[in-house]
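Residue numbering for the sequence shown follows the working numbering, starting at 242 and increasing by one per position. Backbone N, C-alpha and C fix where the C-beta goes; we use that ideal spot for every residue, glycine too.
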Amino acid sequence: MKTIALIAQKGGTGKTTLALSMAVAAEQAGGTAVIIDLDPQATACKWSDRRKADRPLVVDAQAPRLAKALQAAEERGVDLVIVDTPARSETAALEAARRADLVIIPCRPQIYDLETVPTSRELIAFAGAPPALVVLNAVPPRGSRAEQTRQALTDFGMPVCSPTLGHRAAFGDAAMQGLTALEYQPSGKAAGESRQVYKSISNYLSMSQNGELANEQKRLVNSAH
């Protein structure tokens with residue numbers, strides 16, 4: 242079983258949307274996925290309530306119970322667990338990062354999100370420095386802001402996922418129906434981007450298992466100083 246923790250020190254980064262998309266992508270790829278919702282707002286749980294399909298399973302939990310929830314998922318033979326943490330909650334983010342094979346930080350290409358990345362990196366280091374990856378979200382269709390953000394993150398020593406998620410209405414429209422863009426518009430651009438990001442994250446998970454991602458992260462950190 243692989244565990245991904247999504248953390249962000251700022252709200253509105255698209256963290257839950259990314260978690261839901263990756264879980265559905267994993268299911269569509271033939272695996273079994275579970276989302277553990279640590280957010281008191283229970284956004285993922287509410288999405289599941291609107292959903293007609295039984296999978297992926299969304300579990301409501303609190304940070305002190307995360308270990309138990311992960312153990313239950315492993316006993317059920319789940320392939321992928323995605324832990325969705327609340328924004329601005331160091332306790333939940335720290336607990337999730339400690340138990341993750343990979344930490345994902347969603348980041349929009351704007352200064353407000355960039356300013357929170359150093360805090361997230363410090364939290365990850367405090368959690369034992371699990372492999373981490375930034376996913377750029379809500380990328381505008383035109384302009385150089387995404388590449389500027391990618392370069393700033395790289396200069397700061399953070400690996401950045403090559404595929405990005407665009408600023409597309411399909412993500413929000415799908416969520417209203419308890420769906421993801423992968424199901425709402427399977428042939429649309431949002432669905433295609435979601436598949437690419439999932440494939441890239443899967444590759445990073447494999448790298449995290451053999452230490453390649455950790456080595457790359459150390460290289461970026463060293464080159465940033």
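Residue j beta carbon less than 9 Å from that of residue i
i, j, result
"GLY253", "ALA328", "yes"
"ALA260", "ILE323", "yes"
"ASP354", "LEU446", "no"
"SER262", "LEU374", "no"
"ALA337", "ALA246", "yes"
"ARG383", "PRO350", "no"
"ARG292", "LEU311", "no"
"PRO371", "HIS408", "no"
"TYR425", "ALA267", "no"
"GLY419", "TRP288", "yes"
Length of the line joining the Cα atoms of residue i and residue j
i, j, result
"ARG317", "ASN444", "24 Å"
"LEU307", "ILE352", "32 Å"
"ILE248", "PRO347", "7 Å"
"ALA476", "LYS251", "Because the chain is modelled from 242 through 466, residue 476 falls outside the range shown and cannot be assessed."
"GLU434", "GLY255", "14 Å"
Residue i in three-state terms, based on DSSP
i, result
"ILE323", "strand"
"VAL462", "The pLDDT assigned to VAL462 is 49, lower than 50, so where the model puts this residue is not dependable, and the model offers no usable value."
"GLY252", "coil"
"CYS348", "strand"
"ASP290", "helix"
"GLY369", "coil"
"GLY419", "coil"
"GLY413", "helix"
"LEU406", "coil"
Limits of the alpha helix (DSSP H) - the one that residue i falls within
i, result
"THR390", "386-396"
"LEU335", "331-339"
Residues near residue i by beta carbon distance below 7 Å, same chain, minus five either side
i, result
"VAL462", "With a pLDDT of only 49 at VAL462, under 50, the local geometry of the prediction cannot be trusted, and no value is derived from it."
"LEU335", "LEU364, PHE367, ALA368"
"ARG391", "LEU377, VAL401"
"GLU331", "LEU364"
Endpoints, the beta strand (DSSP E) within which residue i is located
i, result
"THR244", "243-247"
"ALA274", "274-278"
"LEU298", "298-301"
Same chain, Cβ closer than 6 Å to residue i, five either side skipped, listed in chain order
i, result
"THR257", "THR284, ALA285, ASP325"
"THR421", "LEU261, SER262, VAL265, ALA415"
"ALA467", "This structure gives no information on residue 467, because the portion of the chain shown stretches from 242 to 466."
Beta-carbon contacts of residue i that lie in its chain and below 8 Å, excluding the five residues immediately before and after
i, result
"SER441", "CYS402, SER403, PRO404"
"GLY272", "ASP320, LEU321"
Distance cut-off 8 Å: residue i Cβ against heavy atoms of the ligand COA
i, result
"THR390", "The ligand COA is not among the ligands present in this structure, which contains no ligands whatsoever."
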